[in-house]
Amino acid sequence: MIKRLLPASLSARPATAVQLAAPGAFFLLFAAVPLVLLVAYSFFRAGFFEVEPALTLDSYDQIVSDPLYQEVLLRTVVMAALVATATVAIAYPFAYFATFAFPRRRDLLIFLVIASLFTGYLVRIFAWRTILGREGLINSALTSLGVVDEPLRFLVYSRFAVCVVLIGILLPFAILPIYAAMQNVPRDLLESSRDLGSSRIATIRTVILPLTQSGAVTALAFCFLLAAGDYVTPTLVGGTDGLMVGNLIADQFGASDNLPLGAALGVTVIAVGAAFVAVGKGVLRLVTTC
Amino acid sequence: MLTARVYVGAVLAFLFLPAIAVVALSFNSSPRIGIPFEGLTVDWYDRALSNPALGAALQNTVTAAFATALISGLLGALTAFAIVRLRPRAAGAVTAAALLPALVPALLLGVALNLTLRELGFAPGLPAIVVAHTLIATPFVTLTMVARLREFDRSLPEAARDLGASPLRAFGDVTLPLVRAALVAAMLLAAALSIDEFVATFFVRGGQDTVPTVLWAMMRRGVDPTVNALATLLLAGIVALALIASRATRARL
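Written out as structure tokens, the structure reads:
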């Protein structure tokens, strides 16, 4: 009887802490420690046979001074920014239509978007190569219809191919957070905006966009980080032109075996991603307040 | 309205075109990829299944999927039960921490784990693969379970306790049967993620193969229709698990 008089949250607390011990220990050991180690390694010195624990900016120096790394990093940032922006721009109307144009079908539409995530990551990238390839679906259709005489070369093994494939891979990651944010937009707010004479576009800009801003920023962040960190897509459809920083990172942990440099490249990707999100947030705020 | 319909249809087509192409081409008798189709065949499946590396890879993939489902199911459920019981602010902090691994690109998780294994002197291999998959799958299990537990009527186990059941008995007889379907669905989802995982696996696998790493080796060699067959089989495995999972969520036992 006395036990039941205690507030539930008070008696639950020690049990909750015990409960969180196992997942907490797992993530501390296998996620937090490795990521801290990754940051630490980026400041270590790469010796000939082993890594020396030291505090040096050698690896970052190498990234900043080597023209190859500069070029690949710059290309990665430009392509990831382009891909993230395009993906969010394509996802936004989809989430909008699913929520407001087809309210009865929206569960089905979102189910399909989630289902597409389960069509295999490697499988989808490889499939795009057979679709975009020199003798692929698009080129063979175009040549047999007589639209073009020769297969279009830029379709595969190019930066164009990397962008198309990344957008295809990342669309669900952009649609889901934007869609989730749109569910919180009160309907009567839209109606009053329309009643007061706003055009459809003005309503989107002044009502829906500000209320779904957090979803759009989340989508932008997801897409930028995942695009900048992808190495499978550039490897399979990028050719020599489409090399991205993910390839360099993978290489440092494989054939080149320069762990501090690989770690520094990884930390750089995350730092650039954070900067990109900050800029994206600012731009969105500007659009919605003007 | 028409614009909306065309737009939504186009986006969905863009999302599903790759999978449809792979499945269709895996039955195309011509080794040349493209249209028109020349005829139907299952030869590519014969060839894909005769790949000598596939047996061990399949065994590893199934083992990793089972282990990942069990461990991430346990860790995710523990986290979710804690989150719904905590006060909003603490719950928010725990949720953010639990979802953090999902925000880090798999490439960086993979190389960070690779470093840790070297540092601790552990050999890469199947256990390391399971750890990587569990890291990636657990946030999804946690999210699914939190969603289910939020609509769970907590007065039911409380009633059982009032009627004299021990905490363990109340959990086993009342709570567990009510959340079992959601937990099973979340674990199947974790298994599907594990079967599909390639990026992090690549850096912790040691010499071990999984079905995606075999697929990767074949893809790098060039455009070969056997890849379509193996990819279709992998796809079938993932889709089957995801479908059973979505059934289980709706069943609400």
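From first to last, the protein sequence lines stand for chains A and B.
Each step along the first sequence adds one to the number in the working numbering, with nothing skipped, and position 165 is 165.
Take any residue in the second sequence, count from 1 to its spot, add 1000: that is its number in the working numbering.
For each residue, glycine too, the CB sits at the ideal point set by N, CA and C.
Since this is a predicted model, take the numbers as computed values, not measurements.
At least one CB of chain B lies nearer than 8 angstroms to the CB of T16 (chain A).
Neighbourhood of I204 (chain A) in chain B, by CB distance below 8 angstroms: empty, with the nearest CB roughly 13 angstroms away. In the structure shown, L28 (chain A) falls within a helical segment according to DSSP collapsed to helix, strand and coil.
For the segment 1075 to 1099 of chain B, the set of residues with a beta-carbon nearer than 8 angstroms to any beta-carbon of chain A comprises L1075, G1076, L1078, T1079, F1081, A1082, R1085, L1086, R1087, V1094, A1097 and A1098, in chain order. In this structure, DSSP gives N247 (chain A) a helical state, which the three-state scheme calls helix. When the beta-carbon positions are compared, A101 (chain A) and L166 (chain A) stay at least 8 angstroms from each other. In the structure shown, V148 (chain A) falls within a coil segment according to DSSP collapsed to helix, strand and coil.
Taking C-alpha positions only, R1118 (chain B) is separated from P1212 (chain B) by approximately 24 angstroms. Annotated as proximal: L220 (chain A) and G280 (chain A), with beta-carbon spacing under 8 angstroms. Its Cα nearest to that of A263 (chain A), the residue A:G229 stands out among A:V185, A:T288, A:G229 and A:A275.
By DSSP's assignment, E52 (chain A) forms a beta bridge with A:R45. Below the 7 angstroms Cβ cutoff, chain A contributes F118 as neighbours of V1239 (chain B), in chain order. The beta carbon of F30 (chain A) sits closer than 8 angstroms to some beta carbon of chain B. Here the alpha carbon of Q1059 (chain B) sits roughly 19 angstroms from the alpha carbon of R1047 (chain B).
Sequence-distant partners of L109 (chain A) (beyond 5 residues in either direction) whose C-beta falls short of 7 angstroms from its own C-beta, in its chain, are A98 and F102.
8 angstroms or more divides the Cβ of T1201 (chain B) from the Cβ of V1022 (chain B). The beta carbon of F224 (chain A) is closer than 6 angstroms to those of A80, A84, G273 and F276 in its chain, skipping five residues each way along the sequence.
In this structure G282 (chain A) is exposed. Its beta-carbon is surrounded by fewer than 16 other beta-carbon atoms within 10 angstroms. By the criterion of at least three beta-carbon pairs nearer than 8 angstroms, the segment 119 to 128 of chain A is in contact with the segment 1012 to 1027 of chain B. Against chain B, the beta carbon of P93 (chain A) has neighbours under 7 angstroms at Y1007, listed in chain order.
Around the beta carbon of L145 (chain A), fewer than 16 other beta carbons lie within 10 angstroms, which makes this residue exposed.
In the DSSP assignment, L1040 (chain B) forms a beta bridge with B:N1028. Where D257 (chain A) is concerned, there is no enclosing alpha helix (DSSP H), because DSSP gives it neither an H nor an E.
Burial check for T76 (chain A): the Cβ neighbour count within 10 Å reaches 16 or more, so the residue is buried.
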